[in-house]
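Number of protein chains: 2
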Amino acid sequence: MKDYFKVDEWKIIEEGFAPGYNKVAESVFSLGNGRMGGRANFEEAYSGDTLQGNYVAGVYYPDKTRVGWWKNGYPEYFAKVLNAANWIGIDVKIGDEQLDLAKCEIIDFRRELNMKDGYLKRDFKAKTESGKEVEVEATRFCSIADDEAGAIKYTISPMNFDGEITLTPFIDGDIVNKDSNYDEKFWDEVSNDIRNDRGYVQLRTKKTGFEVATAMKFTVLQGDKPVEFKSDSIQKEKYIAADIKVQARQGEVVTLLKYAANLSSQNYQSDELSAKALEMVERISQKGFDTMLAEQAAAWAEKWKHNDIVIEGDAAAQQGIRFNIFQLNQTYTGEDDRLNIGPKGFTGEKYGGSTYWDTEAYCVPFYLATAEPKVARNLLLYRYKQLGKAIDNAKLLGFKDGAALYPMVTMDGTECHNEWEITFEEIHRNGAIAYAIFNYTRYTGDETYLTDYGLEVLIAISRFWAQRITWSAERQLYVMLGVTGPNEYENNINNNWYTSTIATWCLKYTLQVIGKVKEANAAKYKDLVSKISFNEEVECEKFSDIINKMYYPNDDKLGIFLQQDGYMDKEQILVKDLPAADRPLVKNWSWDRILRSVFIKQADVLQGLYFFEDDYDLETIRRNYDFYEPRTVHESSLSPCVHSILACKLGDIDRAYEFYLRTSRLDIDDYNNDTDDGCHITSMAGTWMSVVEGFGGMRVKDGMLSFNPLLPHKWEAFSFQVGFRGALLQVIVSRKAVSIKNISGMGVTVKVNGTEYVVVSGAEACSVPH
Amino acid sequence: MKDYFKVDEWKIIEEGFAPGYNKVAESVFSLGNGRMGGRANFEEAYSGDTLQGNYVAGVYYPDKTRVGWWKNGYPEYFAKVLNAANWIGIDVKIGDEQLDLAKCEIIDFRRELNMKDGYLKRDFKAKTESGKEVEVEATRFCSIADDEAGAIKYTISPMNFDGEITLTPFIDGDIVNKDSNYDEKFWDEVSNDIRNDRGYVQLRTKKTGFEVATAMKFTVLQGDKPVEFKSDSIQKEKYIAADIKVQARQGEVVTLLKYAANLSSQNYQSDELSAKALEMVERISQKGFDTMLAEQAAAWAEKWKHNDIVIEGDAAAQQGIRFNIFQLNQTYTGEDDRLNIGPKGFTGEKYGGSTYWDTEAYCVPFYLATAEPKVARNLLLYRYKQLGKAIDNAKLLGFKDGAALYPMVTMDGTECHNEWEITFEEIHRNGAIAYAIFNYTRYTGDETYLTDYGLEVLIAISRFWAQRITWSAERQLYVMLGVTGPNEYENNINNNWYTSTIATWCLKYTLQVIGKVKEANAAKYKDLVSKISFNEEVECEKFSDIINKMYYPNDDKLGIFLQQDGYMDKEQILVKDLPAADRPLVKNWSWDRILRSVFIKQADVLQGLYFFEDDYDLETIRRNYDFYEPRTVHESSLSPCVHSILACKLGDIDRAYEFYLRTSRLDIDDYNNDTDDGCHITSMAGTWMSVVEGFGGMRVKDGMLSFNPLLPHKWEAFSFQVGFRGALLQVIVSRKAVSIKNISGMGVTVKVNGTEYVVVSGAEACSVPH
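Taken in sequence, the protein lines are chains Y and L. The letter at position 13 of the first sequence is residue 13 when you use UniProt numbering, and the numbering goes up by one with no holes. The letter at position 385 of the second sequence is residue 385 when you use UniProt numbering, and the numbering goes up by one with no holes.
Structure below.
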């Protein structure tokens with residue numbers, strides 16, 4: 001719903017409560033700190049439509065796969081993101097009446113996500129059935145400083161009565177996973193305990209055996225004064241709570257401060273989990289809510305200092321980009337190489353798994369430019385550590401000799417997707433993983449990664465391609481049969497240009513890296529050759545042969561690359577000719593009709609031209625863009641950003657701006673009517689790309705950053721920071737000039753609109769008229 | 001397992017009990033009479049591995065579809081064949097010990113399916129844990145004369161003791177459906193009752209509301225003498241039983257005769273079902289077991305008189321063909337146009353639905369030649385009655401204006417298959433339905449069917465094709481994108497030669513039938529035109545245009561039709577080069593690998609050449625056969641028969657014989673290791689075809705039967721009967737001669753090896769040297 005949330009440069013604001021839109025709001029207002037997070041569910045009971053979700057990073061469950069018709073090669077299990085114990089809950093009773101916004105009259109309601117300081121605040125006035133009015137204010141955050149903890153300040157005040165209010169802070173581990181295939185519950189209890197003002201629930205996941213202890217401690221204030229209370233503890237399986245009864249007078253504010261911690265056996269011994277969790281809530285409660293909130297604001301200020309994109313003259317665009325950057329930072333911090341960026345982050349459980357090719361194709365560039373190199377490096381290492389499983393996965397499909405196929409979706413390296421046309425055929429994902437290695441090296445200049453880890457992955461991927469192609473005796477060329485490209489609205493096609501192109505690119509890059517590594521560290525290379533039984537002579541010759549004899553479909557008359565064999569047999573109609581009622585196609589057309597049509601879900605040939613733009617002249621890119629974009633329905637959240645970047649490259653600033661708005665406000669405006677399930681986290685990195693690589697025109701080539709900026713008509717100016725090889729630059733693009741400030745101590749040479757400038761530390765070292 | 005069952009020309013015999021093979025035996029020994037039937041489960045309790053199945057024709061349940069990833073256009077429900085009340089059960093206790101062959105020592109065991117007389121007999125000797133030995137003989141059949149009834153004679157005799165034996169005949173409606181998607185039970189109880197020697201259970205299916213009353217009556221004999229007994233009735237939900245205690249002496253035979261009936265609300269008012277069922281068991285028990293069994297033998301003799309195929313000199317081949325004919329007759333009698341031929345008949349529940357294109361492509365020819373024309377006509381009418389739903393089904397996929405797509409799998413006309421590459425794309429099934437109309441008319445000469453029903457179906461199917469093709473501006477021809485041909489080892493391919501060929505054949509045939517019907521009955525034609533809003537001028541012109549401008553892939557160098565675009569890009573290896581361990585591919589290769597390979601599941605181009613052989617010269621057929629057969633893995637039960645017929649046509653008698661054996665003994669030898677789920681009923685009609693159309697070389701052309709027989713080397717002779725337009729012929733092919741006896745009163749002209757002969761009634765009217 002467009003315009004549901006108020007436009008504000010630093011906040012997302014909901015004024016008035018729309019129950020039908022609550023799940024969208026819960027997604028948009030989600031909180032996270034990279035280690036834990038959850039949806040913006042209410043603290044108090046809510047019997048209306050809600051999707052409850054609290055998540056602990058890296059904790060998953062291999063749910064038994066559900067398919068209609070089993071195909072050989074399907075994984076037996078599908079790793080699910082797990083809804084974990086609810087730590088935010090505070091039941092409220094006013095006299096005998098439960099406070100439940102689905103059952104009260106809501107007089108006033110406001111929810112606000114403060115992106116600047118990193119907290120969620122909700123205040124409302126409500127009238128119970130018996131006519132009692134209360135005012136509530138709830139502030140909550142997942143702490144960055146204490147990243148296993150969260151805190152809530154919940155205040156309630158009787159507006160028209162004196163009387164008893166019961167506050168019941170609780171931890172509830174008896175939760176459901178909406179996405180469970182067989183309605184199973186995934187957690188067993190290990191233990192629980194509660195004593196007066198503190199307690200914990202420790203749970204263990206079935207099968208995977210992850211343990212998480214969720215502890216809470218709480219204090220109560222009446223007015224400003226702490227209340228001495230003796231609470232009634234409640235203990236059930238997977239559940240603890242305490243009833244605190246307060247006699248409140250009209251106008252008086254009763255405050256519950258709830259401190260919570262989620263500690264996982266990934267980081268502690270299981271047998272000390274609950275003690276450590278209790279220690280942590282003790283420690284943060286000593287620190288106190290206000291101190292924690294101040295630390296939170298400071299931590300976010302530090303993030304924004306490096307991450308922020310400022311847009312002048314377009315508050316909606318400003319809000320959009322900040323929301324994307326905020327969510328990305330909430331989802332992944334890069335501190336733990338076991339974690340990755342799930343498509344829904346901590347905002348929902350849909351899709352399962354945490355890792356898609358989105359990470360390599362969309363998120364790596366964001367973290368490369370906005371965080372320390374180790375963050376992107378950790379994302380690469382994540383895949384390196386899963387290489388063995390990628391080799392196993394390829395084996396399951398009949399490949400051999402160390403060929404690796406990375407999974408389409410995974411949590412721990414095991415494939416958990418099960419749709420043959422995707423799982424077995426959307427193999428271009430292997431290319432994106434190789435591309436991320438290239439991208440990391442290109443950006444950081446750190447070639448040690450290639451020697452230590454990268455080459456091993458590259459060879460395994462190249463081995464896959466070398467077995468996956470087919471020699472066509474008829475064409476006397478290699479062909480790539482039976483694939484699904486990034487455009488998933490085509491299945492089981494032959495010679496998808498993008499897949500074939502990225503496949504041979506992988507082979508070329510692998511050959512190049514072999515050369516580099518041999519030169520840089522012959523001993524390590526020799527170790528690797530022996531470790532993976534690499535027959536350099538034979539295998540490299542095969543790689544070269546494929547590079548030289550690969551078939552790529554194209555249309556000479558139109559001067560374009562063909563998305564796949566037979567694409568021109570389709571009826572050549574354009575998106576603009578589609579009736580509005582038919583959109584989105586995926587909800588209105590049968591699958592076969594979509595497949596037969598020319599319509600493209602997301603950049604496919606254009607994804608290749610984006611990745612490998614230097615290999616093609618501008619007119620080739622333009623012809624392909626002009627041909628394919630009008631056939632693209634952008635029904636993937638990953639689509640508009642690539643088009644925005646290409647539109648910028650081609651000088652089409654209006655289309656670029658249109659694509660930008662669509663990608664940056666996708667969730668705020670619930671553009672695809674699916675934000676209720678969670679936000680589209682990975683495409684948010686694409687939004688960042690569309691500003692920095694699109695409007696900013698930033699590229700890295702030959703170890704140098706370059707910028708070719710364009711300014712959308714509506715904007716006065718925009719600016720962003722990027723880190724590059726030790727330097728930190730602020731790029732400001734206004735009507736008048738492109739200014740590059742070096743806000744670090746390290747000088748750097750950049751190109752602006754084709755000319756090289758040395759940018760030294762200090763104010764406005766480089767300003768180029770625009 | 002080859003050679004598990006003993007070879008016998010009229011029987012299937014199992015000697016000794018192999019628990020691991022029990023489910024295969026249960027399938028092979030299945031009984032049915034077209035209205036009810038079931039697997040050869042034991043009467044007494046069996047705690048070993050078994051698949052219980054009793055089925056009532058036409059009763060089904062729309063189980064909620066289970067898919068991994070929902071695609072727009074999928075049906076919400078999948079009609080399942082329902083396991084119905086167990087009417088065969090007789091629990092047996094010897095003293096306090098339950099008779100259970102999984103827990104006894106089996107001294108002797110023999111099961112025998114008597115195909116000549118149509119019953120199942122099992123006898124065994126077993127020793128209980130305490131050492132008591134008993135001899136049991138159980139004979140059971142589903143009556144043809146009383147086709148809602150079955151009878152069991154169960155005798156038990158103590159071999160080494162005197163003592164109490166408790167016989168507990170029961171009816172149990174609390175059964176499970178192994179194929180249920182969500183482990184649901186599909187039957188609710190309406191009522192049950194039991195009084196001394198008779199009782200019933202009446203059940204109602206959830207959702208569909210079919211009611212079935214299953215009644216039993218029983219009598220007991222000690223030696224030859226009826227026993228007066230007072231049984232203890234047991235009544236539970238969905239269950240009735242009676243305990244009958246008999247004091248038996250060593251060597252004495254105790255006999256329980258159990259008469260049962262299954263009456264369905266398809267044929268009676270629900271409120272009279274149980275009364276009628278009780279009446280029926282009363283009536284048949286009056287008749288008595290021996291009389292019923294004699295009637296059964298007589299009914300089967302009548303069937304065999306017209307259906308039998310006699311093979312001399314090859315008992316295994318003889319047993320094979322009789323088993324196929326026996327099962328076909330058990331499955332479908334053609335008396336009820338609401339019924340059809342499920343792929344498993346009454347032998348299992350797998351696959352669900354009752355109707356596949358198998359019926360039209362494989363079964364119609366069998367029933368045309370071996371039964372009254374009304375049988376095949378009823379199969380045609382079944383589809384005619386479902387035309388409305390076929391139009392709805394097409395609408396769901398985006399087709400309009402009366403275009404019909406018949407379902408891939410159905411029970412009542414609604415699609416219940418849910419695999420996009422099949423459900424939405426294996427559209428050649430529409431062609432088979434049109435072909436059956438052509439086949440029926442060609443065989444019977446009855447053109448009134450076209451006027452009354454056939455043309456309406458043909459136009460709806462042609463309308464579908466006219467919308468399903470795509471005009472390729474590039475080729476300036478019509479193409480057929482995104483289909484799956486009969487070879488399901490290719491999905492979502494373009495321009496499958498078979499599909500495109502049968503599509504234009506449908507259009508041509510429709511145009512031809514329009515001409516015929518206009519001439520034969522202008523008034524009815526006019527009514528039809530108005531009923532279906534047929535714009536003859538515009539639509540026929542479109543049909544003609546497609547016929548004239550259709551693209552068919554072929555390979556000029558090889559002189560073959562190409563299975564689909566791009567087929568020659570595949571690695572051209574042959575089945576003979578596949579390692580044995582890789583077979584069957586479907587169990588050993590991942591799906592993408594199968595799809596990329598040249599390997600063919602079942603006749604595809606060759607299916608077209610079989611259907612439309614007159615349109616191609618013999619050398620074209622040979623080139624295609626020589627190219628495709630070596631690439632065919634025959635992993636569908638429908639594959640060998642078509643190849644056998646083509647091999648005969650091409651004079652390759654050895655290959656033809658090999659294919660014949662494979663198809664005819666598929667279930668007896670459990671060739672594909674999947675007979676435990678049930679027999680492959682529809683392919684049994686293909687077996688018949690491979691004898692009559694293959695070795696017999698029978699064809700119908702210009703209203704005349706012709707024969708071009710070949711005799712496999714191993715056979716001395718073979719003979720079969722066919723009915724043709726009122727005449728009944730027996731064809732005997734021996735080393736010396738082809739003899740055609742007219743065993744009806746009506747003369748007929750036939751061609752043998754190209755020469756016409758008039759065959760009049762009487763002995764050996766025509767004998768042609770061979």
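Glycine included, every Cβ here is placed at the ideal spot set by N, Cα and C.
Compare the C-beta of residue i against all C-beta atoms of chain L and say whether one is closer than 9 Å.
i      : result
Y:L595 : yes
Y:R463 : no
Y:S500 : no
Y:T410 : no
Y:R66  : yes
Quick check on residue i - is its C-beta less than 9 Å from some C-beta in chain Y?
i      : result
L:W69  : yes
L:K2   : no
L:S637 : no
L:N418 : yes
L:V81  : no
L:E421 : yes
Counting along the chain, where does the beta strand (DSSP E) carrying residue i start and finish?
i      : result
Y:T50  : Note, Y:T50: premise wrong, no beta strand (DSSP E); not H, not E.
L:K736 : Neither: L:K736 is in no beta strand (DSSP E) and is coded neither H nor E.
Y:V92  : 90-94
Y:I234 : 232-236
Y:N262 : 254-264
Would residue i and residue j be called neighbours here (beta carbons separated by less than 9 Å)?
i      : j      : result
Y:I244 : Y:I152 : no
L:A84  : L:L203 : yes
L:V760 : L:L705 : no
Y:A275 : Y:M216 : no
L:E14  : L:I144 : no
L:I88  : L:K287 : no
Y:Y182 : Y:R110 : no
Y:A432 : Y:A376 : no
Y:L711 : Y:P486 : no
Spatial neighbours of residue i within its chain, please: C-beta separation below 7 Å, excluding the five flanking residues on both sides.
i      : result
Y:T205 : V59, Y61, L82, F186, W187
Measuring only from the beta carbon, is residue i closer than 8 Å to any heavy atom that is part of the ligand MN?
i      : result
Y:Q564 : Looking at this structure, you won't find the ligand MN or any other ligand, since it has none at all.
Apart from the five residues on each side of it in sequence, which residues of its chain come closer than 8 Å, Cβ to Cβ, to residue i?
i      : result
Y:V517 : L450, T451, L455, K524, Y525, L528
Y:G20  : D49
How would you write the range of the alpha helix (DSSP H) that residue i sits in, first residue to last?
i      : result
Y:A656 : 653-664
Y:D320 : The sequence as given places Gly at residue 320 of chain Y; Asp does not occur at that position. That run of the alpha helix (DSSP H) goes 315-331.
Who are the Cβ neighbours of residue i in its own chain at under 6 Å, not counting the five residues just before and after it?
i     : result
Y:F17 : I106, F109
Checklist entry - Of all the residues that make up the region 423-441 of chain Y, which are near chain L by a beta-carbon distance shorter than 9 Å? => result T423, F424, E425, I427
Item to check | Positions along the region 451-484 of chain Y whose CB lies within less than 8 Å of some CB in chain L | outcome: T470, W471, S472, A473, E474, R475, V479, L481, G482
Item to check | chain L contacts made by the region 557-574 of chain Y, where a contact means CB separation under 8 Å | outcome: D565, G566, M568, D569, K570, E571, Q572
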